[in-house]
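In the UniProt record's numbering, the protein residues as written are 1 to 414.
The beta carbon of each residue, even a glycine, is placed where N, CA and C say it ideally should be.
A quick write-up on the structure given underneath.
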Amino acid sequence: MEGQMSEMSGKHAIRVFTLNCWGIPYVSKDKNSRMSAIAKHLLISNLDLVCLQEVWSKKDFLFLSRKCHSQLPYSHYFNSFVTGSGLCVLSKHPIVDVYFHQWPINGYAHKIHQGDWFGGKGIGLCKIQINNLLVNLYTAHLHAEYSSENAAYLSHRLLQAFDTSQFVKLTSGDCDIAILAGDLNTEPHDLAIKILNQNAHLVDSFYAAQEKSPTCIGTNESSRNSYSPAKELKRQPGGKRIDYILYKKSRKFDVEVEQYQFPLPDRVPGCSFSYSDHEAIEVKLNCIPVVGSSAVTSDMPDAELHSTLEQAIEVCNDSLQKLKTSQRTYISLAVVFALFLFVSLFVELFFNISQDFGVSYTLTVISFNILKTTITLAFTFFMMMGILWCRSERSAILTGKFSMMLILKRLRKP
């Protein structure tokens, strides 16, 4: 039985499942039908641990946890900020402790259509007891790219990845195995996934798997998915691999990846659409007790992390420089609108606009007040962005940069 200890070998077999459910209320296509199909699959699958992302509605989480309760009786939703993090965990085994760490940098509040800031994204941790095995199960959903031609959020995603790596590294000391599963919005060659793996000593189950299908590569925007944009399919038919199940062994347990697969068919049975706009991933991990206490927790040389950190610091420096330019622009625009506001007050005061001389004059007054309100809102927005928001973003970038520099300094010591 999965999740049970083999008496012959002493191995613990754990099946882990992750999926970005694309569950935006009133926006995501076929959401209710897809949630029902996801619940049905989870119910009939012999899974130990399930990590779901973009479950933005608490109602959907309660539906999934209720439907799957007989097989996955333990569950937790990570509430955060305005809309919630969208992250949840379902488990066959007891969840003994939980914690959510919100990232200090999370997109922009005025980009309402993107919504990352309102979700208060971060990394969720569930400590799960599987017999005598203590598992740290982490789940996360990094900032979306939105445009492959525009790297506007590169520093945000990079700092989120670094922050996640620090969190995993600093909280996984007492566990037997650590697992991070989720939509990380970064491809294998990107800097963000490199810094995450190298700094936290995580291993990508895709590369470590003994058994995997050659078609199980692109987890988003691939030709097997009904929701993939035609433009992206023409550019990259195989899609991109941005969803991961990563793991970290300990001094007491080694880990082997027996199987890596896409567990869901390309369409919901009897329907013309897929389960989500992402592919689900399922892996079977075998946790093997280590004889003695000489287990190696990482096979990654410090030279790789050294190079990755140097590149990441350069990205931070570039982002700080762009932020300085943006701040000047915001302040300049705030000054311009402040002048417009002063002129509008001067006009109202000296030309006595408040007098009533008929319908046309009333319409003029209304139009003038609308214009004045618009100018006031614009002034407030640019002033807030220039003084508060830019400073907040600068502090978040500097926090990550200084942490990287500290690690780099340690690596440089002979």
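Quick one: residues in its chain with C-beta nearer than 8 Å to the C-beta of residue i, no 5 flanking neighbours on either side, listed in chain order?
i	result
C10	It is worth fixing the name first, because residue 10 is Gly in this sequence and not Cys. Correct list, in chain order: I288 and P289.
H143	N106, G107, D116, K121, Y153, H156, R157, Q160 and N185
D302	L411
D48	E2, G3, I14, R15, V16, S91, K92, H93 and I130
Would you kindly work out how many angstroms separate the C-alpha atoms of residue i and residue j, rounded to a whole number?
i	j	result
L43	M405	47 Å
A209	L191	22 Å
N132	F17	21 Å
E348	G86	49 Å
C51	E256	20 Å
R251	T329	52 Å
F340	F381	15 Å
A280	K40	14 Å
N150	F206	Low local confidence applies: a pLDDT of 49 at N150 is under 50, so the model's placement there is unreliable, and no value is given.
W103	F167	10 Å
W389	K212	46 Å
I179	R391	34 Å
H69	K29	26 Å
H12	V291	15 Å
K284	V27	34 Å
A396	N317	13 Å
Flag residue i as yes if its beta-carbon sits less than 7 Å from any beta-carbon of chain B, otherwise no.
i	result
L19	No chain B is present in this structure, which holds just one protein chain.
Mind checking which residues open and close the beta strand (DSSP E) that includes residue i?
i	result
H12	H12 to G23
C390	Taken as a continuous stretch (DSSP letters only), C390 belongs to no beta strand (DSSP E), being part of the alpha helix (DSSP H) at C390 to R412.
N286	I281 to P289
K248	D243 to K248
V268	Premise fails: V268 is in no beta strand (DSSP E) and is neither H nor E.
Y77	Y74 to Y77
D97	I95 to Q102
Quick one: what's got a C-beta closer than 6 Å to residue i's C-beta in the same chain, skipping five residues either side?
i	result
S155	V315 and S319
E282	F17, Q261 and P263
F78	S85, L87, F100 and G124
Residue range of the alpha helix (DSSP H) that residue i falls in?
i	result
V168	L154 to T171
F206	S205 to A208
H41	K31 to I44
Q53	Element bounds for Q53: not the alpha helix (DSSP H) but the beta strand (DSSP E), L49 to V55.
K234	A230 to R235
S65	K58 to K67
L134	L134 -> not in any alpha helix (DSSP H); beta strand (DSSP E) instead, spanning L133 to H141.
I193	L191 to A200
Suppose contacts are defined by Cβ-Cβ distances below 7 Å. Is residue i in contact with residue j by that definition?
i	j	result
I226	S274	Rather than Ile, the amino acid found at residue 226 in this sequence is Ser. Contact flag set, yes.
F162	G400	yes
K248	H306	no
L134	C126	no
D176	F63	no
I38	H93	no
S75	S65	yes
F337	F379	yes
N199	S228	no
I195	T325	no
D204	H141	no
S344	K322	no
E258	N286	yes
D243	H278	yes
I245	A181	yes
S276	C21	yes
M383	A312	no
Please work out which residues of its chain come closer than 7 Å, Cβ to Cβ, to residue i, disregarding the five sequence neighbours upstream and downstream, and give them in chain order.
i	result
G23	K31, M35, E54, V55, W56, S57 and D60
K67	A39 and L43
P214	none
Please tell me whether, using a cut-off of 6 Å, the distance from the CB of residue i to the nearest non-hydrogen atom of the ligand GDP is below it.
i	result
M35	The ligand content of the structure shown is nil, which means the ligand GDP is not present either.
Should the region 233 to 240 be called in touch with the region 206 to 221, which here means at least 3 C-beta pairs below 8 Å?
-> yes
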